[in-house]
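Asks: Let me give you the structure first, and then I'll get to my questions.
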Amino acid sequence: MVELFADYRTQIVFLHVISAVVWVGGMIAMRFAAHQSFVEIESPVHRLTRISHALKRLFTIVTPFVLILIATAVIMAVGLGFRAAAVDANGNVIDDYAMHIYNLVHTKEVIWMIMSANLFAMIVRRNKAQKLLDKGDMAGAKKALELIGKYMVPVNIILGIIAIYLGVTLRNAY
C-alpha cells in the first residue's frame, strides 16, 4: 500500500476529501434544507412518505462514498507510515510528535467508524419506517423517522465536522 499511495497520492487524497464532503454535506443539506421543506407538507402521510424517500436516496448516494472514504483512509494511514514513524518494532515510542499524529489518525478512524455504524443504523431504521408506512402505521413510522432527523443525522454531522477538522490538522502535519 505504500507504493500505491506513493504513486496515486493526489488521487487518493482527493477521493478521501470528496467522499467526506459528499457524506457530511449531504447530511447537512438534508437536515437543514430538505427537512424544513418536509415540515411544511400538511398531510402527515405524504410528509412521512417524502421523508422516507429522501432518506433512501441520501443513503443510496452516500454509501459508496462512505466505502471510498474508509478505503482511502486505510491506504493513507498505511501509505504515510504513521505507525512506523511513531513506534519501533517492540512497540516503544520513538518520536512523541509522530505518536501524537498517529493518535490523531486513529481518533479520526474511530470517528468515521462510529459514523458508519450510525449510518447503518439509520438505514435499518429508515427501512423499518418504510415497512411501517406500507402497513399504514403512521405513528410507528413517525417515531422511527423522528429519531433519524432529531438525533442520528445531527450526531453524524457533528462527528463529520470534527473528522474533517482532524483531517486538515493531519494534512498540515506532514
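First residue of the sequence shown? That's 17 in my numbering, and the numbers climb one at a time after it. All residues carry an ideal CB built from backbone N, CA and C; glycine is no exception.
Taking the beta carbon of Gly152 as the centre, do at least 16 other beta carbons fall within 10 Å, making it buried, or is it exposed?
Replies: In the sequence shown, residue 152 corresponds to position 136, counting from 1. Answer is exposed; the Cβ neighbour count stays below 16.
Asks: How about Phe21 and Ile84: do their beta carbons lie closer than 8 Å?
Replies: Counted from its first residue, the sequence shown places residue 21 at position 5. Counted from its first residue, the sequence shown places residue 84 at position 68. No, the Cβ-Cβ distance between Phe21 and Ile84 is not below 8 Å.
Asks: My understanding is that Val40 touches Ile173, with C-beta atoms under 8 Å, so please give their C-beta distance in whole angstroms.
Replies: Working through the sequence shown from its first residue, we reach residue 40 at position 24. Working through the sequence shown from its first residue, we reach residue 173 at position 157. Sure, about 6 Å apart at Cβ, within 8 Å.
Asks: Check whether the Cβ atoms of Leu149 and Thr65 sit closer than 8 Å, and answer yes or no.
Replies: Stepping through the sequence shown from its first residue, residue 149 is reached at position 133. Stepping through the sequence shown from its first residue, residue 65 is reached at position 49. Yes, the Cβ-Cβ distance between Leu149 and Thr65 is below 8 Å.
Asks: Would you kindly work out how many angstroms separate the C-alpha atoms of Lys191 and Lys159, rounded to a whole number?
Replies: The displayed coordinates of the chain run from 17 to 190. Any statement about residue 191 would go beyond what the structure contains.
Asks: Nearest-angstrom Cα distance between Val38 and Ile180?
Replies: By 1-based counting over the sequence shown, the position of residue 38 is 22. By 1-based counting over the sequence shown, the position of residue 180 is 164. So the two alpha carbons sit approximately 12 Å from each other.
Asks: Asn172 lies in the alpha helix (DSSP H); which residues open and close that run?
Replies: Here residue 172 refers to the residue found at position 156 when the sequence shown is read from its first residue. Val169 to Arg187 is the span of the alpha helix (DSSP H), which, as asked, contains Asn172.
Asks: For Thr26, which of Gly95, Val78 and Tyr118 has the nearest alpha-carbon?
Replies: As a first step, residue 26 is located in the sequence shown; it is residue number 10 there, counting from the start. When each option's Cα is compared against that of Thr26, the closest is Gly95.
Asks: Report all residues from its chain with a CB closer than 8 Å to the CB of Val33; omit the five preceding and five following residues, and keep chain order.
Replies: Position 17 of the sequence shown holds residue 33. Excluding residues within five positions, the ones whose Cβ falls inside 8 Å are Gly183.
Asks: When the Cα of Ala93 is compared with those of His122, Ser68, Gly107 and Pro80, which residue comes out closest?
Replies: Taking the sequence shown and counting its residues from 1, one reaches residue 93 at position 77. Answer by Cα proximity: His122.
Asks: Using the Cα positions of Ile57 and Arg63, report the straight-line distance between them to the nearest angstrom.
Replies: Within the sequence shown, residue 57 is the residue found at index 41, counting from 1. Within the sequence shown, residue 63 is the residue found at index 47, counting from 1. Using only the alpha carbons, I get a separation of about 5 Å.
Asks: When burial is assigned at 16 or more other CB atoms within 10 Å of the CB, is Arg187 buried or exposed?
Replies: One-based indexing of the sequence shown puts residue 187 at position 171. It counts as exposed.
Asks: What would DSSP say about Glu56, mapped onto helix, strand or coil?
Replies: Numbered from its first residue, the sequence shown carries residue 56 at position 40. Three-state result, Glu56: coil.
Asks: Restricting to Cα atoms, I'd like to know which of Val29, Pro80 and Ile86 is closest to Ile130.
Replies: Working through the sequence shown from its first residue, we reach residue 130 at position 114. Out of Val29, Pro80 and Ile86, Ile86 has the C-alpha closest to the C-alpha of Ile130.
Asks: In its own chain, which residues sit with a C-beta less than 7 Å from the C-beta of Trp128, not counting the 5 before and 5 after it?
Replies: Along the sequence shown, one-based indexing puts residue 128 at 112. So the list reads Leu85, Ile86, Ala89 and Ala179, once near-sequence residues are dropped.
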